[in-house]
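In numbering that gives the first Met the number 0, the protein residues as written are 0 to 160. Glycine included, C-beta positions come from ideal geometry on N, C-alpha and C.
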Amino acid sequence: MTRLAVELANTGTLDRDGELVAVFFEEHEVTPPEGGDYGELPDLVRTALAETVDRAAPEAVHRLLRDYPPEMHLSDHDGDWHVHFSRNGTPAERWVGQLIAAKLALVVAGDPAVTLGRCAAAGCENYFVDQSRNRTRRFCSNACASRTTVAAYRARAAKDS
0 MTRLAVELAN TGTLDRDGEL VAVFFEEHEV TPPEGGDYGE LPDLVRTALA ETVDRAAPEA
60 VHRLLRDYPP EMHLSDHDGD WHVHFSRNGT PAERWVGQLI AAKLALVVAG DPAVTLGRCA
120 AAGCENYFVD QSRNRTRRFC SNACASRTTV AAYRARAAKD S
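The structure is reproduced here in structure tokens:
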């Protein structure tokens, strides 16, 4: 669910052809919105991620919970009982909003299984879910890490010459 939040915040939509979204939507009978339009939800999620990463007051998470209140219930659609935060077949924007609201509330409350971060590369404002072993990831992608390393090398080389 946090990967959904990050993808929505970083891109403004969800790639309905992407593996994660396609599987979630199909499994939960959710139809993606026309043209991938999620209204104001991407901006609200981006603000919520910023507050979470910066450890600021979680006003946007409170707003997510108010505007997209989770409908917590148990489901065994895959044979094992687990918690769901939205009903199957709910319209996509609401379904995604309910899942993200619930998960970000848990993260803000201290879920130790999830670490969120903001890319440290100059000019990149993307967020990521840090699943590294020691939770010290600094970049959203290898491309940003490489670009930063090359820039630092060139700066050192120019200084030395």
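Backbone CA spacing between residue i and residue j [nearest angstrom]
{"i": "V22", "j": "A156", "result": "47 Å"}
{"i": "R2", "j": "V128", "result": "6 Å"}
{"i": "Q130", "j": "T30", "result": "29 Å"}
{"i": "T44", "j": "C118", "result": "Residue 44 is actually Val in this sequence, not Thr. The alpha-carbon atoms of V44 and C118 are separated by roughly 16 Å."}
{"i": "Y152", "j": "L63", "result": "42 Å"}
{"i": "A108", "j": "E50", "result": "13 Å"}
{"i": "E25", "j": "D42", "result": "25 Å"}
{"i": "Q97", "j": "H27", "result": "13 Å"}
DSSP beta-bridge partners of residue i
{"i": "F170", "result": "Nothing in the structure corresponds to residue 170, since the chain is present only between 0 and 160."}
{"i": "S74", "result": "H81"}
Test item: CB-CB of residue i and residue j under 9 Å
{"i": "A47", "j": "P57", "result": "yes"}
{"i": "Y126", "j": "A100", "result": "no"}
{"i": "V95", "j": "L7", "result": "yes"}
{"i": "V52", "j": "G116", "result": "yes"}
{"i": "G38", "j": "L13", "result": "no"}
Sequence-distant residues of its chain with Cβ nearer than 8 Å to residue i (five each side left out)
{"i": "H72", "result": "V82, H83 and R86"}
{"i": "R15", "result": "A21, F24, P31 and G35"}
Residues near residue i in its chain [Cβ-Cβ closer than 6 Å; skip 5 each side]
{"i": "A4", "result": "V44 and I99"}
{"i": "V60", "result": "A47, L103, A104 and V107"}
{"i": "M0", "result": "L98 and K102"}
Nonlocal neighbours in the same chain, by C-beta distance under 7 Å from residue i, ignoring five residues either side
{"i": "R146", "result": "A120"}
Below-9 Å beta-carbon distance, residue i vs any chain B residue
{"i": "V20", "result": "Going by chain labels, chain B is absent from the structure shown, which holds only one protein chain."}
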